[in-house]
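Residue numbering for the sequence shown follows this note's numbering, beginning at 20 and increasing consecutively. C-beta atoms are modelled at their ideal positions from N, C-alpha and C, and glycine is treated no differently. The structure displayed is predicted, hence computed values, not measured ones.
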Amino acid sequence: MESRISLCMIVKDEEQNIRRCLQSVAGTVDEIIVVDTGSTDGTCQIAREFGALVQSFPWNDNFSDARNASLELATGDWILFLDADEELAGESREVLRRLANEKNVEGYFVKIINYVGNGGWVETCPDLVFRLFKNRKDYRFRGAIHEQIADVILERNSQARYQIAEDLVILHYGYLDRQIEAKDKKNRNLALLSQELNRNPDNRHLRYHYGVELYRAERFDEAAAELVRAANGIDPNTIYLPKLLRYIVLAYHAARKPEQALEIVQLGLDLFPNYADLYYYGGLISYEQKDYGRAYEFFQRALSMPEQPAHYAPFGGTRGFRSLYQLGQLAEVFLNHEEAMRYYILSLRDKPHFTPALESITRLLKPQEDPVYAKKCLEQLCEFCTPQANLLMGQILFRQSAYKLALEYLERGMDQQEAVPEILLWKAICLIQLRRYLEALRILEGFGPGHRLYPLAKLNKILCFWFQGKRRKVLPLVEELFALGLSQDTGAVVSLLRNYPGRRRGPGVTLGDEGMSLLLDILMRALDLGEKERAESLLDGLSRECLSKNARAVGQLFYRYGHLKTAEYYLGLYLEAYPECPETLFTLAEIKERQNACIEAGELYRRALAQDPAEPRYYVSLIRLYEKMRREILRVAIDKYPELPVLRRLFEEANQEI
């Protein structure tokens, strides 16, 4: 006779989730027991639609009491317990029935896939959980939170045998940001765990979960301390020890204690030498410490690891796309852009929706400078057959100021689905940057008063006329924008637009971070349109102190658009205030090199290197400069002494090294 399975659940206000959960087990379990702890929505009604026995239970801050109430009502031979924000994977239905007919097994650890993140980017993290066991009167849950039953079963039945059933899969959506925020899970769990620890201070498992919740609440120092307490003296065979060690690493890292984090990485790898996550996080921390050789070794080791056991709860991509992406970042540190591109492409192939890799590939293709070549490469790498893919590519290109190509992908996506307001605004900005002002204005007129994007649309209408030099159109729009109520910083930037092309009167405007960010964006768009004079006129309105403080960012912007002399002026202005800034010295060196002032460039590279000896770019650039100078000197020498074979040989050797 086939065994009967009872699904047991506890719920509260789960109408957004419970239908999905119950549909996943419909026709697979023999009865559904739902204990409701105070729902005020349609949860219970939905449960009854699936034939569930629904029982009310007054919530008493104890998950075990509620779970045990469901067990009291169960009549099946086996108990499967799920939460409403979970579902049984489709391929697991037949597996569940097969497992329930095993005679010599008392319970199963099953694989759970946790979905972590938000709608914009969701990760998967597998784990093992104890969810299927035989229904016996003396098998009852224990613990107010993170309730346990596997240990209880062994206490009641020392001969009990468990198995791991990784082919039985549960999907869990409760770690998605929207779920956590909606239920205020962090604060609820912290409070319950704190109460339990007061009663059971020596319970390592509780302390582990308490440390994890502290980490999620971003109380990183406290989390590290609690997790270390949970780990000290622990049995190395404890099933959650790999996860515990990883959380200690993460907590120390987030608390800005890299040395302690790396110590735990090494300790963890001594115990679990195939743990890819620890290699990956060791690589990240080493990278941040500028220990690039060690970072490279860590990431390469992560890539070489075998398939990870589920109880490691491995973070997605540490054996693949994440480590490949970080190796690309490392290659860029050494100015090896070909190698970086290779790693980014491998990362994208491993995870086609991994946006950071796609963004890096796009940046290296320089779509603003050569949109035709960039598009050709992107089309070879990616399939843009869905509106989401086209809109994502459009957004990436928009962020990189490649407006012509961004518009093409945005319009492709908009042809396939209705555009949200943000996309319409991006399209309008792209049109402005292509001097298609009338089309842009038609879109911007669609944002009426009261719309959340109305102020941004109004600002872009101002820019539409400002770039055209239509001051009479600008002035009334400025007054309308001021009437909306602007922050002091934003108002100061809008005033600069209004006053153009007048000369500065008084000491000039001092902007904070918000205002300077807005001004730099307008400067970038002016330079993108070839309006260098307009860009410089806005800078004339800044106070000397404000301009000096932000001159590095301004100089790099002019350098990006090829205005070397102007860039040199602003970077020099920054050096007057901050004479030993290595990044500014480096950019000035690049400018001098492009101007063929190699001696000055070499001196600037050396000064940058003296300030930051750990930065590989400075070494690489200086080496390349010297090689360039060597070839040039040999070329001149050969022209003067063509009969000397030694010079010809040296020249050939120098060119072979390129």
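Query, Result
"Of all the options E326, L288, D434 and S420, which has the alpha carbon lying nearest to the alpha carbon of W445?", "S420"
"So for V678, helix, strand or coil by DSSP?", "The requested residue 678 does not occur in the structure, where the chain is confined to residues 20 to 677."
"Considering only C-alpha positions, which residue in the set F353, L377 and I541 is nearest to F340?", "L377"
"Looking at A620: is its Cβ nearer than 8 Å to the Cβ of F605?", "no"
"With D55 and V44 assumed to form a contact (beta carbons below 8 Å), what rounded beta-carbon distance in angstroms separates them?", "Going by Cβ atoms, the distance from D55 to V44 rounds to 18 Å, so no, they are not a contact pair."
"Cutting at 6 Å between CB atoms, please list the residues of its own chain near A250, excluding the five before and the five after it.", "L263"
"Suppose the cutoff is 6 Å on Cβ atoms and the five residues either side in sequence are ignored; what does the same chain contact list for S640 look like?", "Y624"
"Report the three-state DSSP secondary structure of W97 (helix, strand or coil).", "strand"
"On the three-state DSSP scale, how would you describe Q327?", "coil"
"Thinking C-beta only, is L173 closer than 8 Å to A108?", "no"
"Would the beta-carbon of C396 fall within 8 Å of that of F417?", "no"
"Can you tell me whether E398 is helix, strand or coil according to DSSP?", "helix"
"To the nearest angstrom, report how far apart D186 and W97 are at their CA atoms.", "18 Å"
"Return the bridge partner residues of T257 from the DSSP annotation.", "Bridge partners of T257: none, in fact."
"Quick check on I642: buried or exposed, where buried means 16 or more other Cβ atoms within 10 Å of its Cβ?", "exposed"
"Quick check: the Cα distance between Y19 and A243, rounded to an integer number of angstroms?", "Given a span of 20 to 677 for the chain in the structure shown, any question on residue 19 remains unanswerable."
"Can you list the beta strand (DSSP E) stretches of 3 or more residues lying completely in the stretch 574-612, in chain order?", "none"
"Identify, in the order they occur along the chain, each residue of the same chain with its Cβ nearer than 8 Å to the Cβ of L592, setting aside the five sequence neighbours on each side.", "L566, S567, A570 and G574"
"DSSP three-state call for E552: helix, strand or coil?", "helix"
"Touching or not, the stretch 222-238 and the stretch 164-172, by the rule of three or more beta carbon pairs under 8 Å?", "yes"
"If A447 and A459 are in contact, beta carbons under 8 Å, what's the gap, nearest whole angstrom?", "5 Å"
"Tell me whether G488 is buried or exposed, calling it buried when 16 or more other Cβ atoms sit within 10 Å of its Cβ.", "exposed"
"Exposed or buried, what is T20 when buried is set at 16 or more other beta-carbons lying within 10 Å of its beta-carbon?", "Checking the sequence, you will find Met at residue 20 rather than Thr. M20 is exposed by the Cβ-count criterion."
"Quick one: Cα of L41 to Cα of N176, how far?", "31 Å"
"Does the distance from the C-beta atom of Q345 to that of G302 stay below 8 Å?", "yes"
"How would you label V655, buried or exposed, when you count the other beta carbons within 10 angstroms and need 16 or more for buried?", "exposed"
"Look at R159 and L90 and say whether their C-beta atoms are less than 8 Å apart.", "yes"
"Would the stretch 364-371 count as touching the stretch 384-398 if we require 3 or more Cβ pairs under 8 Å?", "no"
"Would you call T337 buried or exposed, if buried means 16 or more other Cβ atoms sit within 10 Å of its Cβ?", "buried"
"Starting from E106, follow the beta strand (DSSP E) in both directions and report where the run begins and ends.", "E105 to L107"
"Could you pull the start and end residues of the alpha helix (DSSP H) that D221 belongs to?", "Taken as a continuous stretch (DSSP letters only), D221 belongs to no alpha helix (DSSP H), as it is neither H nor E."
"Please list the segments of the alpha helix (DSSP H) lying wholly inside the stretch 358-439, counting only runs of 4 or more residues, in order along the chain.", "374-383, 390-400, 406-418 and 422-435"
"Bridge partners for I24 per DSSP, in chain order?", "W97"
"Taking L343 as the reference, which of A359, I65 and A476 has the closest Cα?", "A359"
"Is the Cβ-Cβ distance between L281 and I258 less than 8 Å?", "no"
"Below 7 Å, is the gap between the Cβ of E552 and the nearest heavy atom of the ligand SAH?", "With respect to small molecules bound, the structure shown includes none, and the ligand SAH cannot be examined in it."
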